[in-house]
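Q: I'd like to ask some things about the structure below.
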Amino acid sequence: MTYVVTEACIKCKYTDCVDVCPVDCFREGPNFLVIDPDECIDCTLCVAECPVEAIYAEDDVPADQQIYIKLNADLAKLPSWTPIVEKKDPLPDHEQWASVKGKLDQLDRNGG
Numbered sequence: 001m002t003y004v005v006t007e008a009c010i011k012c013k014y015t016d017c018v019d020v021c022p023v024d025c026f027r028e029g030p031n032f033l034v035i036d037p038d039e040c041i042d043c044t045l046c047v048a049e050c051p052v053e054a055i056y057a058e059d060d061v062p063a064d065q066q067i068y069i070k071l072n073a074d075l076a077k078l079p080s081w082t083p084i085v086e087k088k089d090p091l092p093d094h095e096q097w098a099s100v101k102g103k104l105d106q107l108d109r110n111g112g
């Protein structure tokens with residue numbers, strides 16, 4: 001089992017999770033983070049750090065967020081989605097996006 005970043009991260013990109021990851025499994029895109037399932041060691045440390053509760057164990061991803069399991073795996077493999085190992089400031093308008101639902105169309109897949 002691995003952990004998965006879901007929709008709540010889109011257009012927020014809080015990076016508190018990155019600071020606690022012992023294996024640097026997070027990858028950064030322009031407005032979203034993903035977890036590389038081949039690197040994740042299932043330590044659970046990132047889950048509690050996410051202020052918008054965007055990270056779930058793969059087996060616990062809500063039904064309406066299941067697409068993010070494959071999306072994390074696919075985006076983590078793109079060369080433009082590079083490892084992120086240090087906390088950064090969230091996106092400038094993160095507060096207005098934090099509670100918005102249905103943001104998949106806002107995901108920028110072009111890389112970090």
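For the record, in the sequence shown the residue sitting at position 71 is 71 according to full-length UniProt numbering, with numbers rising by one throughout.
Quick reminder that beta carbons are idealized off the backbone N, C-alpha and C, glycines included.
#1: What do you get for Thr6, buried or exposed, if any count of 16 or more other CB atoms within 10 angstroms of its CB means buried?
#2: Which whole-angstrom value is the C-beta distance of Asp55 and Cys46, which I expect to be below 8 Å?
#3: Over the uninterrupted alpha helix (DSSP H) stretch that includes Leu45, give me the two end residues.
#4: What are the start and end residues of each continuous beta strand (DSSP E) run of 3 or more residues lying completely inside the UniProt domain "4Fe-4S ferredoxin-type" (1 to 30), in chain order?
#5: Report the residue from Cys21, Pro92, Val34 and Asp19 whose alpha carbon sits nearest the alpha carbon of Lys77.
A: Let me lay it out:
#1: As a first step, residue 6 must be located in the sequence shown, where it is residue number 6. It is buried - the Cβ of Thr6 has at least 16 other Cβ atoms within 10 Å.
#2: On the sequence shown, residue 55 is found 55 positions in, with the first residue counted as 1. On the sequence shown, residue 46 is found 46 positions in, with the first residue counted as 1. Strictly speaking, residue 55 in this sequence is Ile, with Asp absent from that position. Between Cys46 and Ile55 the Cβ distance is about 5 Å, and since that is below 8 Å, they are a contact.
#3: Here residue 45 refers to the residue found at position 45 when the sequence shown is read from its first residue. That run of the alpha helix (DSSP H) goes Leu45 to Glu49.
#4: At a cut-off of 3 residues, the continuous stretches assigned as beta strand (DSSP E) that sit fully inside the UniProt domain "4Fe-4S ferredoxin-type" (1 to 30) are 3 to 5 and 26 to 28.
#5: Position 77 of the sequence shown, counting from 1, holds the residue named residue 77. When only C-alpha atoms are compared, the closest one is Val34.
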